[in-house]
Structures are given as structure tokens and as C-alpha cells.
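Heads up: the sequence shown begins at 1 in full-length UniProt numbering, then just goes up one per residue. Think of the CB as a built atom: it goes at the ideal place given N, C-alpha and C, for glycine as much as any other residue. Taking it in order: structure first as C-alpha cells, then the write-up.
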Amino acid sequence: MSIPLNSLIDYEDNIYQITCVAIKEANILSNPGCGGEEIEKNNGKIVSEVLTRALKGEIHFEESDE
Numbered sequence: 001m002s003i004p005l006n007s008l009i010d011y012e013d014n015i016y017q018i019t020c021v022a023i024k025e026a027n028i029l030s031n032p033g034c035g036g037e038e039i040e041k042n043n044g045k046i047v048s049e050v051l052t053r054a055l056k057g058e059i060h061f062e063e064s065d066e
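Below you can see the structure in the form of C-alpha cells.
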């Protein structure tokens, strides 16, 4: 799996926000034992997996009031 560039280009919402969400999720999944089977199947390509999940709406997050 590679980084979903076409999905990133076509993304119409706040790209900064989705990028921050992906970075935080990738940081969590990079800890030993937290990646799961999906990461192992993708040869440890955490960023590709997280960006794909985020762009598909599989990662749920709430905006802060800050």
C-alpha cells in the first residue's frame, strides 16, 4: 500500500486537520504492539494505512474549541 495521493488531492475538507489526526494516530500505532494486523500486512507502513483510514472516515475525532 502506498500513500493515497489521489485521495489527498481530492479531499475537500480541512487538509491540515486530517493531517494532524493522521499524525496523532500514526504516533499511537507506532508503539510496539499497537499496530495490529493491518499494519503488519502492509509491511509496517503506518503512514499509508493511517492516511487511508482517515480519508475514508474510519478514524473518528472531535474538534477542540481552541
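Check: CB of Ile-59 within 8 Å of CB of Arg-53, strictly; Outcome: yes
Check: Supposed contact pair Cys-20 and Ile-28 - C-beta distance, whole angstroms, cut 8 Å; Outcome: Not really, about 13 Å apart at Cβ, beyond 8 Å.
Check: Nearest-angstrom Cβ-Cβ length linking Tyr-11 and Leu-55, presumed shorter than 8 Å; Outcome: 6 Å
Check: Endpoints, alpha helix (DSSP H) assigned at Asn-25; Outcome: Residue identity check: residue 25 is Glu in the sequence provided, not Asn. First-last of the alpha helix (DSSP H) with Glu-25: 15 to 29.
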